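Chemist: Quick one: this structure, given as structure tokens, is what I'll be asking you about.
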Amino acid sequence: MLTVKNLTMIFGGLTAVNDVSFIVNKNSIFGLIGPNGAGKTTLFNIISGFLEPLKGQIIFKGDDIQNLKPYQLNKKGIARTYQVIKIFKNITILESVMTAMHSRLKSGLLAAITGNNFLEERRATKRALEILEFVGLSHTSDNLAGSLSYGQQRQLEIAGALASEPSLLLLDEPAAGMNTKEKNDLIKLIKKIQDMGVTILIIEHNMRLIMGIADHICVLNEGKKIADGKPKEIQQNEDVIKAYLGGGDINDYNFRS
Amino acid sequence: MSNTNKRYFYFLLILIAGLLPVVFHDQIFLIMLMYSSAIYTIAVSGLDILFGYSGQISIGHAAFYGIGAYTSAILSTRLGITPWITMLLGGILAVIFAVLIAIPAVKLVHHFLVLVTIGFGQIFYTFVGNAKQLTNGHTGIMNIPYFKIGSFSFNTMISYFYVAFFIMLMFLFIKHKIIKSRIGRAFIAIRENPTSANSSGINVRYYKIMAFAISAFYTGIAGAMYAHFTNYISPSTFTFSQSIIFFVMLLVGGKGSLFGPIVGVVTLTVVLQYLQALSQYQSLAYGAILLFTVLFLPQGIVGSVFISPKKYFISKKAV
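For the protein sequence lines, the chains are A and B, in the order given. With the first letter of the first sequence counted as 1, position 105 gets the number 131 in the numbering used here; the numbers rise by one all the way through. With the first letter of the second sequence counted as 1, position 274 gets the number 282 in the numbering used here; the numbers rise by one all the way through.
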């Protein structure tokens, strides 16, 4: 589905992503974890086309995509959400989902002026309402997106991402700032999206959440991949424990007697 | 208001506006204000597509207004082409210039874009003032032909009004159609959040240029109409302060709405009539109006008065 090969990204003197490679299998939930500053979001920005990597290759559905722009990747089937919510605040919830359908609709200027987009618009509205119901926001579709609560805005972002009918969905810390109930709903939603046949790449700090849903996890630290495997394997990996809890052997310390 | 009610309301509004000049047919001054308001509404609606919807500022729209006016005036006086066609060509030339400006300029936002558009306006003003062979310089172009259908010439105030009014309705309708389409949603997405628009599949650069083009077409057509009504144009109409007037009209009326430009144009046209007496202090008055609007009516008259507050609160069903 998605193959990342020897990806390297350098900002000035900082190597944000250092020779990272991994393979995301079709219809799996692939977790990307690591301490702050490990390069996870940079990796996301590269995969979604906002940054061009210095070195390396990204292959999606058999094509090289590292040179494509975000809107082109969206059309190809990669959708994403953001760590810091970026929704269209001053339009209604329904309109924001319809906006995100852009690459799946065809009507141009002439069709809009002559009203030839009528059928397409009606279908799009119906589809948008279905998606909103799917993520659990259907009652509020006429309200402004900015009026939603924080957790609901996260749901709306996912609805928007789904509107472009992606085959790969990138979720950047979707559970950040959510309460327990919202987190549980989110887990169910992510599972439901997987059941639709979508492949999911997810960055998450919440260990219980990521260990519970991911089929495969890749751990980054200081730009480098330090582990890659099933959640169980990751939990027992010494490098990972070291990266999260700090290194050293307890016997190396001199205790005062 | 339900959709049917809304339709009746619009119809009634159009009927009243359309009948006003018949009722007040001896009030020449009022009719003059009405047709110039219709022209301004088209121009300001164009600016609204750019600024109100796609979020790109322009303080150089007098140039597009002028390109429309000069193209139509020159082609109809020199080549004798009917004004209906030259008006369209004026709009198209405005689009061409808009695209040329937009290709580099859409990379800029806020004050940088302001500077580029002001610069473009100044270049246009200087050009028409100096290209004497083409534009007759500051003397201006005289005897610009009227609009005609067959042998009927639109040469009275009332006939100006109906031409302008009809074209205005058409352009407002088209604007509404564009805004409610995939393209309009792309414009709004760019205004709201360019990054998110980009990852939502919208080619931000392309749609920014398109917004410039559509906007220029509206303003160019308005300029051409102005030329064929007044029969005389000179560079002094297409100055920086004309761009400011468009901008203030949009802000006062309310950007990003169908009625905003109309309300802004009518308000400012009436106010400006009273301000004529102030002569050189007029720009002081624009400044004061602009300041008042930005501070107390940031959404303009339409946005502050008519938008239902319900939209801002979650309905009870949701919880």
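Heads up, the beta-carbon is just placed ideally off N, CA and C, and yes, glycines get one too. The model shown is predicted, which means the values in this text are computed figures rather than measured ones.
#1: List the whole-angstrom C-beta distance separating M42(B) from P29(B), where the pair is believed to meet the contact cut-off of C-beta under 8 angstroms.
#2: Let me see if you follow: with CB-CB separation under 8 angstroms, is P96(A) close to chain B or not?
#3: Any residues in the segment 119-152 of chain A with a beta carbon nearer than 9 angstroms to a beta carbon of chain B? Which ones, in chain order?
#4: Any C-beta of chain A sitting closer than 8 angstroms to the C-beta of I322(B)?
#5: Tell whether a beta-carbon distance below 8 angstroms holds between L246(A) and T225(A).
#6: Please classify F321(B) as buried or exposed, where buried requires at least 16 other C-beta atoms within 10 Å of its C-beta.
#7: Helix, strand or coil: how does DSSP classify D211(A) here?
#8: Go to G57(A), then tell me how far its beta strand (DSSP E) extends in each direction, as first and last residue.
#9: By how many angstroms is the C-alpha of I152(B) removed from the C-alpha of L170(A)?
#10: Check the Cβ of K112(A) against every Cβ in chain B and list those closer than 8 angstroms, keeping chain order.
#11: Near A326(B), which residues of its chain fall below 6 angstroms by C-beta distance, leaving aside the five closest residues on each side in sequence?
#12: For the structure I just gave you, are there three or more beta carbon pairs, one from the segment 82-98 of chain A and one from the segment 201-208 of chain B, closer than 8 angstroms?
#13: Could I get the ranges of all uninterrupted alpha helix (DSSP H) runs contained in the segment 248-322 of chain B, with 4 residues as the minimum, in chain order?
#14: Cα separation between I49(A) and I187(B)?
#15: Any beta carbon from chain B within less than 8 angstroms of I117(A)'s own beta carbon?
#16: Per DSSP, what are the beta-bridge partners of I84(A) in this structure?
#17: Since N211(B) meets chain A, which of its residues come closer than 7 angstroms, beta carbon to beta carbon?
#18: On a Cα-Cα basis, can you pick out the residue from T164(B), N211(B), S66(B) and I24(B) that is closest to N338(B)?
#19: Can you say whether P112(B) is buried or exposed, counting buried as having 16 or more other CB atoms within 10 angstroms of its CB?
#20: Would you kindly work out how many angstroms separate the C-alpha atoms of F173(B) and V161(A), rounded to a whole number?
#21: Return helix, strand or coil for H242(A), following the three-state DSSP convention.
#22: According to a CB-to-CB cut-off of less than 7 angstroms, which residues of the segment 180-196 of chain B neighbour chain A?
#23: Spatial neighbours of V260(B) within its chain, please: C-beta separation below 7 angstroms, excluding the five flanking residues on both sides.
#24: K112(A) and N211(B) look like a contact to me (Cβ under 8 angstroms); what is the Cβ gap, rounded to whole Å?
#25: In the structure shown, what three-state DSSP assignment does A326(B) receive?
#26: Taking only the alpha-carbon atoms, compute the straight-line gap between G177(A) and L23(B) and give it to the nearest angstrom.
#27: Alpha carbon to alpha carbon, how far is N232(A) from A201(A)? Give it in angstroms, no decimals.
#28: Out of I65(B), F32(B), H69(B) and A77(B), state which residue places its alpha-carbon closest to the alpha-carbon of L116(B).
#29: Name, please, each residue of chain A whose Cβ falls closer than 9 angstroms to the Cβ of S291(B).
#30: Report the rounded CA-to-CA distance for L96(B) versus A219(B), giving the unit in angstroms.
#31: Can you list, in chain order, the residues of its chain with a C-beta nearer than 6 angstroms to that of I229(A)? Leave out the 5 residues immediately preceding and following it.
#32: Who does T225(A) pair with in a DSSP beta bridge?
#33: Taking DSSP as the reference, what is the three-state secondary structure of T151(A)?
#34: Using 10 angstroms around the beta-carbon of P61(A), count the other beta-carbons present and answer buried if the total reaches 16, otherwise exposed.
#35: Please compile the residues from chain B whose C-beta is within a distance smaller than 7 angstroms of the C-beta of N32(A).
#36: On a Cα-Cα basis, can you pick out the residue from G192(B), I157(B), M233(B) and Y133(B) that is closest to T94(B)?
Modeler: Checking against the coordinates, here is how it stands:
#1: 6 angstroms
#2: yes
#3: E121, S122, M124, T125, A126, M127, H128, S129, R130, L131, K132, S133, G134, L135, A137, A138, I139, T140, G141, N143, E146, E147 and A150
#4: In this predicted model, I322(B) has a pLDDT of only 42, less than 50, meaning its place in the structure is not dependable enough to derive any value.
#5: no
#6: Caution applies to F321(B), whose pLDDT of 45 falls short of 50 and renders its modelled position unreliable; the value that the coordinates give is listed next. So F321(B) counts as exposed.
#7: helix
#8: I55 to I59
#9: 49 angstroms
#10: N201, T203 and S204
#11: Only weak support exists for where A326(B) lies, its pLDDT of 39 falling under 50; the value from the coordinates is given anyway. Excluding residues within five positions, none has a Cβ falling inside 6 angstroms.
#12: yes
#13: 248-261, 268-283, 290-304 and 308-313
#14: 42 angstroms
#15: yes
#16: V30(A)
#17: Y97
#18: The structure shown has nothing for residue 338(B), since chain B only spans 9 to 327.
#19: exposed
#20: 46 angstroms
#21: strand
#22: I182, K185, I186, S189, R190, I191, R193, A194 and I196
#23: G272, T275, L276, I297, T301, G308 and I309
#24: At roughly 18 angstroms, the Cβ-Cβ gap does not stay under 8 angstroms, so K112(A) and N211(B) are not in contact.
#25: In this predicted model, A326(B) has a pLDDT of only 39, less than 50, meaning its place in the structure is not dependable enough to derive any value.
#26: 48 angstroms
#27: 8 angstroms
#28: I65(B)
#29: Near S291(B) there are no residues of chain A at all, since even the closest Cβ is about 31 angstroms away, more than 9 angstroms.
#30: 18 angstroms
#31: L58, K66, D198 and E199
#32: L194(A)
#33: helix
#34: exposed
#35: Those do not exist, as N32(A) stays about 25 angstroms from chain B at its closest Cβ, beyond 7 angstroms.
#36: M233(B)
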